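Protein chains in written order, with the working numbering: chain A, 29 to 299; chain B, 5 to 295.
A virtual CB, placed ideally from N, CA and C, is assigned to each residue, including glycine.
As the structure is a computational prediction, the values presented were derived from the model and not from experiment.
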Amino acid sequence: MTSETVPVIELVGATKRFRSASGGVHTAVRDLDLTVAAGEFVAVVGPTGCGKSTTLSLVSGLEPPSHGRVAVNGREVTGIPEGVGYMFQADAVLPWRSVLDNVALGPRYRGATSSEARDRARDWVGRVGLGGFEDYYPHQLSGGMRKRVALAQTLVNEPRILLMDEPFSALDVQTRGLMQAELLRLWSGTGAAVVFVTHDLEEALVLADRVAVMTAGPATVKQVFDVRLPRPRDAEEIRLTSGFLDVYREVWESLREEVQITRERMSGRVA
Amino acid sequence: MSHDVALPGSAAPTDEDFAVSSARAAVRRRKLTVTGVRLLLVAVWLGSWELSATYLIDPFYYSKPSAIGGKLVDWFTRTTAFGSIWTQISYTLQEAVAGFVLGGVAGVLLGIVLGRSRFVADVLAPFIKAANAIPRIVLASLFVIWFGLGMSSKIATAFILVFFAVFFNAFQGAREVDRGLVNNARILGAGRAQILWTIVVPSATSWILASLHSAFGFAIIGAVVGEYSGADKGLGLLINNAQGTFDSAGIYAGMIIITLIALVAEWLLTLLERRLLRWRPAVSGSHDVQI
């Protein structure tokens with residue numbers, strides 16, 4: 029197997045430009061280099077609106093890069109690559125389907141029979157802690173529970189690469205902490221590589237093996253830090269350890285400048 | 005709030021129980037009052053019409069409730085000028101339903117197809133706008149020339165009215181599909197057809213159902229106007245004939261029958277809507293009233 033040598037995700041000099049509605053060009057990502065190894069948990073942090081999400085859509089194949097190379101499992105990304113799961117920032121569960129049918133979507137799309145898909149879905153609904161809620165519709169669930177549905181919906185396909193775009197940012201602090209712990213529990217042992225985009229440095233450090241700090245937009249990787257905290261981690265407790273605070277200080281030093289730049293731009297726009 | 009823990013099934017009435025039962029009674033009283041006032045309104049309206057038509061105004065032009073009632077009884081117990089009233093109703097209904105179904109299906113299909121294809125939608129946009137600006141009811145006359153006095157010309161009129169109403173909503177519904185849902189489905193492994201069936205059609209459904217409500221009204225209008233323009237059977241013909249013979253009671257009577265049909269259709273559509281949109285949070289029509 030070449031999986032030891034070939035990184036599962038590789039971005040080399042990736043640039044993404046969008047045409048803006050007024051006919052101008054907006055560069056979301058510029059000259060971005062990032063590699064992720066199999067089974068690695070990488071967090072991408074950066075100021076709000078810097079182009080972190082665009083990075084994920086390049087990897088997922090939803091958007092082609094304007095320049096540069098994006099490869100998954102050593103192959104250039106042209107369509108949506110095999111084995112990729114993507115959890116979006118906004119709720120992407122179907123409001124007209126029950127919890128069970130939402131989770132069964134992936135297997136159904138991939139050609140499983142209805143009963144087979146439902147069996148796998150039922151298993152995952154249980155694993156994310158929603159046993160008993162199979163027949164509920166999304167509007168009957170809380171925000172945290174809907175995130176669990178989305179998580180099950182993504183994980184039921186058993187992705188080798190999991191892309192997560194600020195999945196917990198809309199949740200309240202307690203629920204977010206709980207969901208982080210759930211994510212770590214579900215991820216451990218799967219061997220899947222994770223790219224987790226967030227603007228919350230604390231969240232990044234709780235979860236990840238490596239943290240990539242992005243520049244204020246257009247985004248590019250400014251610096252990559254190793255997070256040498258032991259696993260398995262207790263998502264709630266680890267924030268209180270001294271090792272955590274040391275890494276936090278180190279990374280924040282780098283992130284602060286970018287946040288500052290973004291703030292100045294924002295206030296310039298307001299004034 | 006703190007209240008004593010009542011054992012399940014314990015009969016001792018608490019403050020809470022009393023509040024609940026008195027609230028229920030208040031709701032019941034209110035319902036009764038509303039219904040009562042409604043009935044009173046109808047009685048006052050019909051009574052004043054009857055009285056003024058008897059003593060003040062000329063019932064030849066304005067007719068009066070008793071004459072209209074008599075006309076209805078006459079139609080249903082004996083016959084109309086063109087045969088049994090049931091034949092007329094069934095003719096108009098068949099035309100309306102056929103126009104409704106054909107127009108609805110065509111509107112939904114074309115609306116979703118165009119809504120999903122940006123290029124085709126951009127190309128056709130001005131033509132659609134122009135077609136929508138045509139006073140379509142005039143087409144009824146044209147359809148009589150094209151299809152003759154039989155049912156097909158009325159079906160065509162109903163079709164064209166229904167089609168546009170449904171088409172625009174289906175078009176809009178298909179365009180407003182949440183991109184996030186589509187992207188999510190693509191990542192989960194959905195192909196184009198699967199996206200259409202599992203994402204686009206269900207999200208356009210609430211738009212389409214909203215249009216179907218008014219569309220059935222349009223179907224009846226299409227059928228009746230079609231009969232106006234020339235027919236040998238139907239409620240429109242009955243009304244047109246009443247107009248020709250200065251029978252104002254006949255016009256009202258026809259109107260009442262059509263209204264009832266439309267109400268029944270509306271009720272059936274509401275049932276369908278409830279069935280299809282079960283997943284939607286209930287729109288709470290109830291308000292908390294301070295006690």
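For chain C, check one thing: does any of its Cβ atoms lie closer than 8 angstroms to the Cβ of G221(B)? Going by chain labels, chain C is absent from the structure shown, which instead holds the protein chains A and B.
Backbone secondary structure at E194(A) - three-state DSSP: The answer is coil: DSSP assigns E194(A) none of H, G, I, E or B.
Which runs of the alpha helix (DSSP H) at least 4 residues long sit entirely within the region 103-164 of chain B? Give them in chain order. Runs of the alpha helix (DSSP H) inside the region 103-164 of chain B: 122-137, 143-151.
Are the CB atoms of A110(B) and F147(B) within a distance shorter than 8 angstroms? With a cutoff of 8 angstroms on beta-carbon distance, F147(B) and A110(B) are scored as not near each other.
Would you say G119(B) lies against chain A (beta-carbon separation less than 8 angstroms)? Using a Cβ-Cβ cut-off of 8 angstroms, G119(B) does not count as an interface residue toward chain A, since no Cβ of chain A sits closer than that to its own.
Show which residues of chain B have a CB atom less than 7 angstroms away from the CB atom of I108(A). For I108(A), the chain B residues whose Cβ falls inside 7 angstroms of its Cβ are R190, I191, in order along the chain.
For A236(A), which residues in the same chain have their Cβ closer than 7 angstroms to its Cβ, ignoring the five residues on either side in sequence? So the qualifying residues of the chain are F69, V70, A71, F224, V255.
According to the Cβ coordinates, are G3(B) and A219(B) closer than 8 angstroms? Nothing in the structure corresponds to residue 3(B), since chain B is present only between 5 and 295.
Which value, in whole angstroms, describes the spacing of the CA atoms of W283(B) and R125(A)? Rounded to whole angstroms, the separation of the alpha carbons of R125(A) and W283(B) is 7 angstroms.
Out of curiosity, what's the CA-to-CA distance linking A56(A) and L190(A)? Rounded to whole angstroms, A56(A) to L190(A) spans 22 angstroms at the Cα level.
Near-chain B residues of the region 125-138 of chain A (beta-carbon distance less than 9 angstroms), N- to C-terminal order: Residues passing the 9 angstroms Cβ filter: R125, S126, L133, G134, P135, R136, Y137, R138.
Where S90(A) meets chain B, residues with beta-carbon distance less than 8 angstroms: According to the sequence displayed, residue 90(A) carries Leu and not Ser. Residues of chain B passing the Cβ test: N187, R190, I191.
In the DSSP assignment, find the unbroken alpha helix (DSSP H) run with V186(B) in it and report its ends. In the DSSP annotation of this structure, the continuous segment of the alpha helix (DSSP H) that includes V186(B) starts and ends at 183-192.
Counting only Cβ pairs nearer than 7 angstroms, list the residues of chain A close to A194(B). Per Cβ cutoff of 7 angstroms: Y137.
Can you check whether the C-beta of A118(A) is within less than 8 angstroms of a C-beta belonging to chain B? Yes, A118(A) lies at the interface with chain B (some Cβ there is under 8 angstroms from its Cβ).
What residues from chain A crowd round G184(B), counting only those whose CB sits closer than 7 angstroms? Using a Cβ-Cβ cut-off of 7 angstroms, G184(B) is close to F116, A118, A120 of chain A, given in chain order.
Looking at G254(B): is its Cβ nearer than 8 angstroms to the Cβ of K75(B)? Yes.
Enclosing beta strand (DSSP E) for G234(B) [first to last residue]: Here G234(B) belongs to no beta strand (DSSP E), and DSSP marks it neither H nor E.
Less than 8 angstroms between CB atoms is the rule here; does W271(B) satisfy it with respect to chain A? So no, W271(B) is outside the interface.
Pop quiz: L192(B) and G134(A) are said to be a contact at Cβ under 8 angstroms. What is the actual Cβ separation, rounded to whole angstroms? Going by Cβ atoms, the distance from L192(B) to G134(A) rounds to 4 angstroms, so yes, they are a contact pair.
Other residues of its chain near G13(B): CB distance less than 6 angstroms, five sequence neighbours each side excluded: Bear in mind that the predicted position of G13(B) carries a pLDDT of just 49, short of 50, making it unreliable; the figure below should be weighed with that in mind. For G13(B), where only same-chain residues beyond five positions count, there are no Cβ hits under 6 angstroms.
Strand pairing of Q251(A), partner residues [DSSP]: DSSP lists V241(A) as partners of Q251(A).
Residue burial classification, V275(A) (beta-carbon count within 10 angstroms, cutoff 16): It counts as buried.
What does DSSP give as the partner residues of E104(A) in its beta bridges? A99(A).
Can you tell me whether E264(A) is buried or exposed? The criterion is at least 16 other CB atoms within 10 Å of its CB, across all chains shown. With a 10 Å radius around the Cβ and a threshold of 16 neighbouring Cβ atoms, E264(A) comes out exposed.
Quick one: does I37(A) have its CB under 8 angstroms from some CB of chain B? Taking CB atoms only, I37(A) has no neighbour in chain B less than 8 angstroms away.
Within 10 Å of its beta-carbon, does D8(B) have 16 or more other beta-carbons around it, so buried, or fewer, so exposed? Residue placement at D8(B) cannot be trusted, given a pLDDT of 48 that sits under 50; what the coordinates show is reported in the next sentence. Under this definition D8(B) is an exposed residue.
Determine the chain A residues that contact Q198(B) at a beta-carbon separation under 7 angstroms, and present them in chain order. In chain order: Y137.
Going by C-alpha distance, which of A132(A), N130(A), A232(A) is nearest A209(A)? Between A209(A) and the set A132(A), N130(A), A232(A), the nearest pair of CA atoms involves A232(A).
Using a beta-carbon distance below 8 angstroms, is W211(B) in contact with chain A? So, not an interface residue.
So, with DSSP's three-state summary, where would you put R138(A)? Collapsing the DSSP output to three states places R138(A) in coil.
Limits of the unbroken alpha helix (DSSP H) element including D78(B): Under the DSSP assignment, D78(B) falls in the alpha helix (DSSP H) whose first and last residues are 69-81.
Let me know if K133(B) comes out buried or exposed under the rule of 16 or more other beta-carbons within 10 Å of its beta-carbon. The residue is exposed, with fewer than 16 neighbouring Cβ atoms inside 10 Å.
Between the Cα of R122(B) and those of Q176(B), P69(B), I164(B), M155(B), spot the shortest distance and give me the residue it belongs to. Here the closest residue by C-alpha is Q176(B).
Could you tell me the alpha carbon to alpha carbon distance between F104(B) and V142(B), rounded to whole angstroms? Taking the Cα positions, F104(B) is about 18 angstroms away from V142(B).
Based on Cα-Cα distance, which residue from G226(B), A197(B), I159(B), S70(B) lies nearest to P139(B)? Checked all of G226(B), A197(B), I159(B), S70(B); the closest Cα to P139(B) is G226(B).
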